[in-house]
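Down below is the structure, laid out as structure tokens.
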Amino acid sequence: MIEIKNISKTFHQKKHSFKALDDISLKVAQGDIVGIIGFSGAGKSTLIRTLNLLERPDEGQIIINGKDFTRLDTKQLARERKKIGMIFQHFNLLSSRTVFENVALPLELDSANRSEIRKKVTGLLQMVGLEDKANDYPKNLSGGQKQRVAIARALANDPYLLLCDEATSALDPATTQSILQLLKNINQRLGITILLITHEMDVIKAICNHVAVIDKGKLISKGTLSDIISDKENPIIKQFINSDIMTIPQEFSRKLQKEPQDGLFPLVEIELNENITVERLLSKIYDDYKIPYKLLKADVEYLGNSNFGKLLLQLQGKEEENQKAIYYFNQNKIQNTVRGYA
Numbered sequence: 037m038i039e040i041k042n043i044s045k046t047f048h049q050k051k052h053s054f055k056a057l058d059d060i061s062l063k064v065a066q067g068d069i070v071g072i073i074g075f076s077g078a079g080k081s082t083l084i085r086t087l088n089l090l091e092r093p094d095e096g097q098i099i100i101n102g103k104d105f106t107r108l109d110t111k112q113l114a115r116e117r118k119k120i121g122m123i124f125q126h127f128n129l130l131s132s133r134t135v136f137e138n139v140a141l142p143l144e145l146d147s148a149n150r151s152e153i154r155k156k157v158t159g160l161l162q163m164v165g166l167e168d169k170a171n172d173y174p175k176n177l178s179g180g181q182k183q184r185v186a187i188a189r190a191l192a193n194d195p196y197l198l199l200c201d202e203a204t205s206a207l208d209p210a211t212t213q214s215i216l217q218l219l220k221n222i223n224q225r226l227g228i229t230i231l232l233i234t235h236e237m238d239v240i241k242a243i244c245n246h247v248a249v250i251d252k253g254k255l256i257s258k259g260t261l262s263d264i265i266s267d268k269e270n271p272i273i274k275q276f277i278n279s280d281i282m283t284i285p286q287e288f289s290r291k292l293q294k295e296p297q298d299g300l301f302p303l304v305e306i307e308l309n310e311n312i313t314v315e316r317l318l319s320k321i322y323d324d325y326k327i328p329y330k331l332l333k334a335d336v337e338y339l340g341n342s343n344f345g346k347l348l349l350q351l352q353g354k355e356e357e358n359q360k361a362i363y364y365f366n367q368n369k370i371q372n373t374v375r376g377y378a
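Per our numbering, the sequence shown starts with residue 37, numbered consecutively.
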């Protein structure tokens with residue numbers, strides 16, 4: 037449905053130039069939810085704004101539904117833009133218009149009749165859960181309610197594509213989750229393709245089927261979330277993973293020794309990957325190697341059929357048995373660190 041082909045964009049300032057996008061290519065399937073993630077200044081916003089040519093690329097093509105947007109004239113582009121909704125971080129609502137009037141604005145600009153506008157706006161407000169706020173003004177709404185109004189407005193012209201530019205960055209965690217769930221429901225109910233940019237890993241994990249990672253204007257990785265998380269070498273991709281060292285419980289940290297001693301057992305921090313489940317790993321230790329263990333901590337996320345995260349185990353077998361387990365981890369590329377002995 038969407039094909040970004042070799043897009044580049046340079047901004048020229050007084051004494052220097054800045055290349056915001058550098059030969060980026062990306063395909064997005066119809067009905068997909070794709071997240072674009074990267075550090076501040078990576079080029080995320082510029083990329084999403086090239087899709088409807090709010091930023092015209094210096095090179096490359098934007099092909100949507102078989103049409104090359106870079107070749108459209110002004111009238112053709114204006115017509116196509118009506119079918120691309122945009123949602124912004126700061127809502128961009130008109131303070132002088134009610135909720136109903138804000139949502140109705142695109143329809144008014146498109147010269148729709150009053151009865152059509154009323155029917156459409158009423159349905160959209162019901163969809164976003166704000167039918168009781170139709171006559172309120174934005175100043176009386178919470179941040180989450182304002183974003184719901186913005187979403188309803190973005191849907192007014194029945195778009196096939198929804199562009200979300202840091203749509204949840206100004207919201208608290210609970211409100212963020214409710215907005216993401218609303219977007220997911222809209223995607224499933226209406227089949228609208230959603231492309232969103234964010235710097236928040238939780239947003240990507242909550243809603244996106246595919247991910248594109250951008251750094252310094254370059255597309256450095258793309259694929260499913262599992263694909264991205266599996267690539268741990270890039271510093272940006274590491275942001276997908278909880279790379280913090282696990283805190284050892286106090287009852288063990290008080291008596292933790294750096295070197296093995298009689299009567300002490302190794303504390304092993306294990307980083308999971310998509311190749312083995314928690315259940316299979318623990319079964320391997322206990323059922324196959326007959327090693328008793330104590331699970332001290334677990335920080336695990338399930339993404340589709342894969343799990344990622346960390347475990348902190350105390351292996352309580354004989355020394356040679358414990359070494360067999362560690363050898364198994366190494367042979368199967370399961371990253372592990374002996375944190376000490378207790």
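Virtual Cβ for every residue (Gly too), placed ideally from N, Cα, C.
- Proximity winner among I69, T46 and V164, relative to G96 (alpha-carbon distances): T46
- Distance, Y377 Cα to P296 Cα: 6 Å
- Message: Does the structure place the segment 241-251 close enough to the segment 87-106 that three or more beta carbon pairs sit under 8 Å?
- Response: no
- Decide if G227 is buried, meaning its Cβ has at least 16 other Cβ atoms within 10 Å, or exposed. exposed
- Message: Once the 5 residues before and after T211 are set aside, which same chain residues still bring their CB inside 7 Å of it?
- Response: G179 and G180
- Item | Coil, strand or helix - E236 by DSSP | coil
- Query: Bridge partners of E39, per DSSP?
  - Reply: K63 and I99
- Message: Starting from M282, trace the beta strand (DSSP E) in both directions and tell me its first and last residue.
- Response: M282 -> no beta strand (DSSP E), and no H or E assigned at all.
- Item | Reference R316; option with closest CA among N368, P302 and Q350 | N368
- Query: Could you check where the alpha helix (DSSP H) with N221 kicks off and where it finishes?
  - Reply: P209 to L226
- Which runs of the alpha helix (DSSP H) spanning at least 4 residues fall entirely within the segment 313-372, listed in chain order? 314-319 and 355-367
- For P142, which residues of its own chain have a beta-carbon under 8 Å away from its beta-carbon, when the five flanking residues on both sides are left out? K118, R189, A192 and N193
- Given a cut-off of 8 Å, decide if Y329 and L351 are closer than it, judged by their beta-carbon atoms. yes
- Query: Exposed or buried, what is E287 when buried is set at 16 or more other beta-carbons lying within 10 Å of its beta-carbon?
  - Reply: exposed
- Select from V135, A114 and E167 the residue whose C-alpha is nearest the C-alpha of L145. A114
- Task: Pick out whichever of P174, Q125 and T229 has its Cα sitting closest to the Cα of T134.
- Result: P174
- Message: Out of D335, N309, D172 and K103, which one is the CA nearest neighbour of F365?
- Response: N309
- Message: Along the chain, where does the alpha helix (DSSP H) containing I400 start, and where does it finish?
- Response: An answer regarding residue 400 cannot be provided, because it is not within the stretch 37 to 378 covered by the chain.
- Query: Taking the C-alpha atoms as reference points, what is the distance between N101 and Q162?
  - Reply: 30 Å
- Item | R375 (DSSP reduced to helix, strand or coil) | strand
- Could you round the C-beta distance between L303 and L347 to whole angstroms and report it? I think they count as a contact, below 8 Å. Not a contact, Cβ separation roughly 11 Å.
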